[in-house]
Amino acid sequence: MSAKLWRPKNASAENPAPAVILVPGGNANLEYMSATSLELARRGYVAIAIDPFTIGRSDVIQPSPDLGASSTLAYIKQLDFVDKDAIGMVGWSAGVGRMNAAAINPDGSPNGVKALFGFGAGAPGDPELPINQGFFIGKIETTYGFGVEKQRDINTSRAFTAGMQTDYVEFATWYGDLANNKGRILYTGWTGHILGLISKSGVWAACHFFNDALAPAPNSHVTNFIFGWKELSTALAMVALVVVMVALGSLLLKTSFFRPLLKTDKQVIQAQGGPVMWGMLVLFSLFGALIAKTAVYNGQQILNKTGFLQIANVNGFVFWLLCLTAFSIVLLVARILFDKNLDKAALKDHVRTSIPDLLKSLLLGLTVILFAYFLVSLGDQFLKISPRFWKVQLNVLTPKRLSLWLIYLPLYLIPMVVFNILQTSAYYFENRPRLFRLLVWAANTLPALLFVLYVYGKIIFTGLTPITNAAMSRANGSMLDALLLMLPVSFISTGFYHKTKNLYIGAFLNALLFAWAAVGTDLITFLG
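Take a look at the structure:
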């Protein structure tokens, strides 16, 4: 099992410290819990965040309710610098279920755990269970209520009033018998399901809870928060990595071996800026948003059956991309048939390439990605961090995930090539590269953005979440991934095309990057 231990400097065998185990949910890896881990450790708690089995760098095993949380609990009880009478746990999303499976024995008794904290999920349950419990449910929580209950009515929700034995639950107020480990508390803040993990309100709630419910913070003088700087640094690392990739690719193109890939003398297809261009952008965006739920969910059902495509979350996203690819081809054919201003000979020349050039483009992309992977490995080894922007992360891959990267790569190559053909022939302005970049970013991002705006817009204006089933939940996760990844993808594709007039270089590099990010952490299906 892969885990990250945060040990305060003053925790020792002579001065054991309270400890907290942090369990992510869904397809999330331990880095999702890093903000809370950091702040708890600064306050004197030993914090250990885990990659549940089948996720991140942990082994792929037969699924179990706790996915390794029980093993982590047994491990931390053996550490001489941990106070065995002050062990707590944090669960986020599906991690709440994994946390409960480890913390509560089958007979309903505590398994040596004094306090449990649920991020974005869970409810008190049995008020007589002798474990202090806290919950953080954001005001724009996408998983709360299942489209029936509103978060704004959570104070009178039966799930909380029954467990806290009151008619109205005040936020950040203790109910029950805290001294005898039967305390219950509910927190909220202006944040959502995933953002709660990196929001001050969410992280503060966790620190406040364990100070009261587990043990007073050993470093009680620490009251500020610095996790935002950590989030910023990992985001800057992601930006820097993309910049390094583009710079290295540009340098390689100056070598005699890769210089033939420069096609600056090729005739380009200038964007017209008329109804055809804007119509294609609108149709592509609406189509992508409208099919997101159906494509992601059914794509998982279809591609999961192959056996060798073992990451369900990636399967749904890939299937959505392939549907967009098919629609892109339809748009391209329609333009060829009906756009009288299109120079068909120029389009044919635009797409034309040779096998040696394709292989060199792929080799250039591989060289750039391998160098980026080397940098990520160095960062992981010496700084213990990986480039990450919110929920998108570039990890060092296990052998299993490396093989899956190669398996999924062709499924990303096809969409990236087709998207580049469509976008470089529809949105390119020779003398306005920023507009070109903006249009490509819009084409790549708007399908996901429209879907996400619908989800959060409905929550904000009606109080009810539209995520009422697995299909919507999985689509929402995939669209959030797309929102984040399409920014570097657009930067890479437009940058290399403007420089080289070769659409395949950016397409291949983006496919390699996308596949790496996709297989790095998500849950792998156990095949036996």
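Heads up: the sequence shown begins at 2 in the numbering used here, then just goes up one per residue.
No residue lacks a Cβ here, since even glycine has one placed at the ideal position from N, Cα and C.
This structure is a prediction, so every number in the text was calculated from the model and none was measured.
By the criterion of a C-beta distance shorter than 8 angstroms, N477 is surrounded in its chain by T143, F452, V453, V456 and I468, once the five residues flanking it on both sides are discounted.
Nearest neighbour of R185 by Cα position, chosen from G197, K140 and P125, turns out to be P125. G193 sits buried, since 16 or more C-beta atoms from the chains shown fall within 10 Å of its C-beta. According to the DSSP assignment, D178 belongs to no alpha helix (DSSP H) but to the beta strand (DSSP E) extending over Y176 to D178.
Three or more Cβ pairs closer than 8 angstroms define a contact, and the segment 146-157 falls short of that threshold against the segment 116-123. The three-state reading of DSSP puts P111 in strand, counting E and B together. By the Cβ-count criterion, T501 is buried, with 16 or more other Cβ atoms from all chains shown falling within 10 Å of its own Cβ. Looking from the CA of S355, the closest CA among E40, F527, R99 and N503 belongs to N503. For the pair G317 and S94, the CB atoms are not nearer than the 8 angstroms cut-off. Shown here, W7 sits in a strand according to DSSP, grouped into three states. Non-local C-beta neighbours of K306 in its own chain, meaning closer than 6 angstroms and more than five positions away in sequence, are absent.
Here V331 is exposed. Its C-beta has fewer than 16 other C-beta atoms within 10 Å. L364 and L130 have their C-alpha atoms some 60 angstroms from each other. The way I'd put it, the segment 53-65 doesn't touch the segment 215-231; fewer than three beta-carbon pairs between them come closer than 8 angstroms.
Assigned with DSSP and collapsed to three states, D86 falls in strand. Taken through DSSP and simplified to helix, strand or coil, V61 comes out as coil. Counting only runs of 3 or more residues that sit fully inside the segment 87-169, the beta strand (DSSP E) segments are 116-120 and 133-137, in chain order.
When secondary structure is reduced to three states using DSSP, G184 falls in the strand class. The alpha carbon of A444 has as its nearest neighbour, out of I408, L484, L465 and P411, the alpha carbon of L484. Of the residues assessed, V244 falls on the exposed side of the cut-off, its CB having fewer than 16 other CB atoms within 10 angstroms. Only exposed fits K349, as fewer than 16 other CB atoms lie within 10 angstroms of its CB. Membership of I525 in any beta strand (DSSP E) is not indicated, and neither H nor E is assigned to it by DSSP.
The distance from the Cβ of Y409 to that of A327 is about 18 angstroms, inconsistent with a contact at the 8 angstroms cut-off. Residue environment: G139 is assigned as buried (16 or more neighbouring CB atoms within 10 Å of its CB, all protein chains considered). Within the model, the alpha-carbon separation for V170 versus P400 is close to 49 angstroms. Comparing alpha-carbon positions, the option among F259, L423, M473 and A20 lying closest to A335 turns out to be L423. Looking at the DSSP output, F390 sits in a beta bridge with V393. For A50, the uninterrupted beta strand (DSSP E) run begins and ends at V47 to I51, by DSSP. Secondary structure at P19: strand, using DSSP grouped into helix, strand and coil. In the assembly as shown, E431 is an exposed residue. Its beta-carbon has fewer than 16 other beta-carbons within 10 Å. If you ignore the 5 residues before and after G366, its C-beta comes within less than 6 angstroms of the C-beta of F509, L510 and L513, all in its own chain and listed in chain order. Separation of K294 and L450 (C-alpha to C-alpha, rounded to the nearest whole angstrom) is 13 angstroms.
Just measuring C-alpha positions, the residue of V393, A373 and S426 sitting nearest N342 is S426. 8 angstroms or more divides the Cβ of F383 from the Cβ of A236.
Here the C-alpha atom of A75 lies approximately 39 angstroms from the C-alpha atom of A241. For V297, the secondary structure class from DSSP, reduced to helix, strand or coil, is helix.
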